[in-house]
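From first to last, the protein sequence lines stand for chains S and Z.
Here the first sequence is numbered in numbering that gives the first Met the number 0, starting from 0 and rising by one per residue.
Here the second sequence is numbered in numbering that gives the first Met the number 0, starting from 0 and rising by one per residue.
C-beta atoms are modelled at their ideal positions from N, C-alpha and C, and glycine is treated no differently.
All values derive from a computational prediction rather than experimental measurement.
The next block holds one structure in the form of structure tokens; read it before the comments.
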Amino acid sequence: MSGGERHYFRLNLYHRVLHGMVIASFLGLAVTGLPLKYAHTGWGKGLSLALGGPFTTGYLHRFFALVTFVYFALHLGYLVRLALAGRHGMFWGPESMVPQPRDLVQMVQHMRYFVGLGPRPRFDRWAYWEKFDYWAVFWGIAIIGSSGLLLWFPAFFSRVLPGWTFNLAIIIHSDEALLAVGFIFTIHFFNTHLRPEKFPMDPVIFTGRVSEEEFRRDHPAEYERLKRQGRLEGLQADPPPLWLRNFSRVVGFSALAIGLVLIWLIIGTALR
Amino acid sequence: MEDCLACHADKGLARGAPVRGKTLSVFVDEAVLQGSAHASLPCVACHRSATAPHDERLPAVSCAGCHAGQRAALGEGIHGSRKAEAARPAPSCAACHGTHDVKAAASLSTQTCVACHARQVDLYRSSVHGRSRARGDAEAATCRSCHGPAHKALAKADPQSPTYHLSLPRTCAQCHADPELARRHGIEVGAVYQQYMDSIHGRAVTRSGLLVAANCSDCHGAHEIRARTDAGSRVFRANIPRTCATCHAGVYRDYAESIHGKAAAHGAAGAPVCTDCHSAHQIRRVEGAPWQLDVIRECGTCHRESLRTYRDTFHGKVTQLGLTRVAKCSDCHGSHSIQPASDPRSRVSPGNIVSTCQQCHPAAGKSFAQFHPHADARDRVRFPRLYYVNLLMISLLVGTFAFFGVHTVLWLPRSLVERLRRRSGSGEEGPDR
Numbered sequence: 000m001s002g003g004e005r006h007y008f009r010l011n012l013y014h015r016v017l018h019g020m021v022i023a024s025f026l027g028l029a030v031t032g033l034p035l036k037y038a039h040t041g042w043g044k045g046l047s048l049a050l051g052g053p054f055t056t057g058y059l060h061r062f063f064a065l066v067t068f069v070y071f072a073l074h075l076g077y078l079v080r081l082a083l084a085g086r087h088g089m090f091w092g093p094e095s096m097v098p099q100p101r102d103l104v105q106m107v108q109h110m111r112y113f114v115g116l117g118p119r120p121r122f123d124r125w126a127y128w129e130k131f132d133y134w135a136v137f138w139g140i141a142i143i144g145s146s147g148l149l150l151w152f153p154a155f156f157s158r159v160l161p162g163w164t165f166n167l168a169i170i171i172h173s174d175e176a177l178l179a180v181g182f183i184f185t186i187h188f189f190n191t192h193l194r195p196e197k198f199p200m201d202p203v204i205f206t207g208r209v210s211e212e213e214f215r216r217d218h219p220a221e222y223e224r225l226k227r228q229g230r231l232e233g234l235q236a237d238p239p240p241l242w243l244r245n246f247s248r249v250v251g252f253s254a255l256a257i258g259l260v261l262i263w264l265i266i267g268t269a270l271r
Numbered sequence: 000m001e002d003c004l005a006c007h008a009d010k011g012l013a014r015g016a017p018v019r020g021k022t023l024s025v026f027v028d029e030a031v032l033q034g035s036a037h038a039s040l041p042c043v044a045c046h047r048s049a050t051a052p053h054d055e056r057l058p059a060v061s062c063a064g065c066h067a068g069q070r071a072a073l074g075e076g077i078h079g080s081r082k083a084e085a086a087r088p089a090p091s092c093a094a095c096h097g098t099h100d101v102k103a104a105a106s107l108s109t110q111t112c113v114a115c116h117a118r119q120v121d122l123y124r125s126s127v128h129g130r131s132r133a134r135g136d137a138e139a140a141t142c143r144s145c146h147g148p149a150h151k152a153l154a155k156a157d158p159q160s161p162t163y164h165l166s167l168p169r170t171c172a173q174c175h176a177d178p179e180l181a182r183r184h185g186i187e188v189g190a191v192y193q194q195y196m197d198s199i200h201g202r203a204v205t206r207s208g209l210l211v212a213a214n215c216s217d218c219h220g221a222h223e224i225r226a227r228t229d230a231g232s233r234v235f236r237a238n239i240p241r242t243c244a245t246c247h248a249g250v251y252r253d254y255a256e257s258i259h260g261k262a263a264a265h266g267a268a269g270a271p272v273c274t275d276c277h278s279a280h281q282i283r284r285v286e287g288a289p290w291q292l293d294v295i296r297e298c299g300t301c302h303r304e305s306l307r308t309y310r311d312t313f314h315g316k317v318t319q320l321g322l323t324r325v326a327k328c329s330d331c332h333g334s335h336s337i338q339p340a341s342d343p344r345s346r347v348s349p350g351n352i353v354s355t356c357q358q359c360h361p362a363a364g365k366s367f368a369q370f371h372p373h374a375d376a377r378d379r380v381r382f383p384r385l386y387y388v389n390l391l392m393i394s395l396l397v398g399t400f401a402f403f404g405v406h407t408v409l410w411l412p413r414s415l416v417e418r419l420r421r422r423s424g425s426g427e428e429g430p431d432r
């Protein structure tokens, strides 16, 4: 991270604050939920005890669920605001999060590039795996959140739903949570932070900015497009200040460490 | 002695007995005399006023002249009490030790006690203690082991007695607190005394001094103690419910009517009796979390599938983490009065299930009760919805990780190459090709 290099904003403060809430609540939910799923293991019992016992752990889990619902609502509000403001290309096009045929093509190209059969695809604002991460969280909250609510207020929901749906909700909540935890702590961590080009982590989600070199390498199509449209200059930023870089390191490495310990415990239990 | 025997060697020699019209033999067998513990003593050592010959009846012999300590001890115990002295036969010195054939204290056996305590000695001889003794086991308890020295023997009701209700456990512990002894005699439960003292019964007896709380003999019997493998034993498996019922009559009534009690009464080998859930010596308060959580596992020793499926649910997992507030086996099924779901009295029968759920979920209704607390996602026949949803979730999990696993494994070396290339400087030429 050379001092004087030109930087550009990639993520605004709203994005970063919301992702901060995602990190905090996701780790919180994982740490308080896994002891229940792994109640039969020593580490499950120990973790539950360390958190103040199953009763307190349950309360914390619901608290982090509320944080999740809050950021989910904030995000939906953000989308509505953008849509009402008539933001161009929100639902389709190079800046949209919506999966498009181009993403499928680029995914195939990317995998060909892995094995040396072609050049690296020129990604625009969102690479296909970034879109997958976004939608995985979106889908995850919908599935885990709704099944979790069902289990939180069974008597209330039983007025409209038959009781056996709670049996389904237990399975869905638990398995989907395992998928989410497993995916974030391995695939997302690798794609975003741990792969050698970014190792040990990519601080963009905390600083919001990327260096010009990184921008042109990771999102060349976006860079060229913004330049062409004359919007690039407006995104120029100072390099992230030292305090922000330190902040990203502390928060980022803590989150990575918690996630890696949890996934190590999960895999260890599965292999036992 | 020669002088005395000049007359008393005559087998027909007799005098008037206390009972009118009867006579009492005053014949003395020299052989018996020679074999007694007092063989070395002259006749006048006991019959102090005797002269040869004498016409008058001699005064009664007083053993206290020599054995003053024993006489005093007798006065402190039940054997010297007025009530005992009024009994026929009274426990006088001679009644136990004999007269001319006086025996050394060490040579006296349970046979000595038979004269008055025939029923107790009879029971003792059939007991595990009596039989061991008969087999030549010198460590097996006799009358004195539990009741204390004979002269000072105290009634069970006397707080000083070793067999007093509150003192008995300590008395049994003289032998049974010794793990070495248990090992030598093949007694399975070695730490029985320690376990009992920590149990709800032991604490009630020793800390609260409750006379109604069970001590050793309440369960095992006193003189008739038998091994638990003996069908006549109060602690023989099939007899345990009746034994506990001597105090816990209400619980027994429920249990006897339950599916467990009926099965046990019909001799079903696996049917639980009181001690299966409550243990024998370590019986704990049922209000306590440790017992409530452990007993779940106990139910699972027979109901393995039910325990497994229970552990799949929130109820089962939270209890596994040590919280007792959520439903445990007995919260839904009852404890002593467990009935099969098909029985209308059962708490999980269709007619009662909603009110059972309402114990914890006051707003629960008929629909709520359709939740299956023991659903099995592996059982396609009974739970098809659950089975297929589970299959779908597993496929999603496996599919996602399979795809991204391959994706990552391929990306890793490529990314490594990219980073090395960039570090060596060639990457600086341009951001892209």
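Asked: Anything in chain Z within Cβ reach of S/M110, meaning under 8 angstroms, just list it in chain order.; Found: H406, L409
Asked: When DSSP builds the beta bridges, which residues end up paired with S/F8?; Found: S/R208
Asked: Helix, strand or coil, according to DSSP, for Z/G15 in the structure here?; Found: strand
Asked: Just to confirm my understanding: we take Z/G426, look at its own chain, exclude 5 residues before and 5 after, and list those with CB closer than 7 angstroms. What are they?; Found: Since pLDDT at Z/G426 reaches only 46, below the 50 mark, its modelled position is unreliable, and the value read off the structure follows with that caveat. Same-chain partners within the cutoff: R420.
Asked: Could you list the residues in the stretch 340-358 of chain Z with a C-beta less than 7 angstroms from some C-beta on chain S, going in chain order?; Found: none
Asked: If you draw a straight line from the alpha carbon of Z/C273 to that of Z/A244, how long is it in whole angstroms?; Found: 10 angstroms
Asked: For Z/F382 and S/L234, I'd like the C-alpha separation in whole angstroms.; Found: 56 angstroms
Asked: If I'm right that Z/Q194 touches Z/A176 with Cβ under 8 angstroms, what's the distance once you round it to whole angstroms?; Found: Actually they do not touch by this definition, with Cβ atoms about 10 angstroms apart.
Asked: What does Z/T399 touch in chain S if you count any residue whose Cβ is under 9 angstroms from its own?; Found: A135, L178, G181, F182, I186
Asked: Per DSSP, S/A236 is paired with what?; Found: S/H6
Asked: Report yes or no: is there a C-beta of chain Z within less than 7 angstroms of the C-beta of S/R9?; Found: no
Asked: Would you mind sorting Z/R432 into buried or exposed? The rule is 16 or more other CB atoms within 10 Å of its CB.; Found: In this prediction, Z/R432 has a pLDDT of 39, which is less than 50 and means its spatial position is unreliable; nothing more can be read from the coordinates.
Asked: Measure the Cβ-Cβ separation of S/I281 and S/F71 and say whether it is below 7 angstroms.; Found: Here chain S has residues from 0 to 271 only, and residue 281 of chain S is not among them.
Asked: When DSSP labels each residue in this structure, what does Z/S131 get in the three-state scheme?; Found: helix
Asked: Looking at the structure shown, is Z/R432 part of a helix, part of a strand, or coil, going by DSSP?; Found: Residue confidence is low: Z/R432 scores 39 on pLDDT, short of 50, so the model does not pin down where it sits. No coordinate-derived value is stated.
Asked: Between which two residues does the alpha helix (DSSP H) holding S/L259 run?; Found: 241-270
Asked: Since S/G207 contacts S/L12 with CB under 8 angstroms, what's their CB separation in whole angstroms?; Found: 7 angstroms
Asked: Can you name the residues of chain S whose CB is closer than 8 angstroms to the CB of Z/A368?; Found: G162
Asked: Just checking: is the beta-carbon of Z/P430 within a distance shorter than 7 angstroms of some beta-carbon in chain S?; Found: Residue placement at Z/P430 is flagged as unreliable, the pLDDT there being 42, under the threshold of 50; a coordinate-derived value is accordingly withheld.
Asked: Distance, Cα to Cα, S/F62 vs S/V69?; Found: 11 angstroms
Asked: Locate the beta strand (DSSP E) running through Z/S24, then write down its first and last residues.; Found: 22-24
Asked: Note the first and the last residue of the continuous alpha helix (DSSP H) segment covering S/W91.; Found: Per DSSP, S/W91 belongs to no alpha helix (DSSP H) and is neither H nor E.
Asked: In three-state DSSP terms, what is S/K36?; Found: helix
Asked: Quick check: what's the CA-CA separation for S/W263 versus S/V79?; Found: 39 angstroms
Asked: Report yes if the CB atom of Z/F367 is closer than 7 angstroms to the CB atom of S/S157, and no otherwise.; Found: yes
Asked: Taking only beta-carbon atoms, is S/P245 less than 7 angstroms away from chain Z?; Found: According to the sequence as given, residue 245 of chain S is Asn; it is not Pro. Not one chain Z Cβ lies under 7 angstroms of S/N245.
Asked: Determine the direct distance from the alpha carbon of Z/H332 to that of Z/Y254, and round the result to whole angstroms.; Found: 13 angstroms
Asked: Please report the residue range of the alpha helix (DSSP H) in which Z/M392 lies.; Found: 383-422
Asked: Closer than 7 angstroms, CB to CB, is Z/A374 near chain S or not?; Found: yes
Asked: I'd like the ranges of any alpha helix (DSSP H) spanning at least 4 consecutive residues and lying wholly in the stretch 59-121 of chain S.; Found: 100-113
Asked: What do you get for Z/S48, buried or exposed, if any count of 16 or more other CB atoms within 10 angstroms of its CB means buried?; Found: exposed
Asked: Would you report the Cα separation of S/V203 and S/L10, rounded to the nearest angstrom?; Found: 8 angstroms
Asked: Given this structure, state the Cα-to-Cα distance separating S/L75 from S/F137, to the nearest angstrom.; Found: 10 angstroms
Asked: Measuring CA to CA, which of S/A29, S/G41, S/H18, S/R15 is closest to Z/Q319?; Found: S/G41
Asked: Taking only three categories from DSSP, how would you classify Z/A152?; Found: coil
Asked: Use the C-beta contact count for S/P118: other C-beta atoms within 10 angstroms, 16 or more gives buried, fewer gives exposed.; Found: exposed
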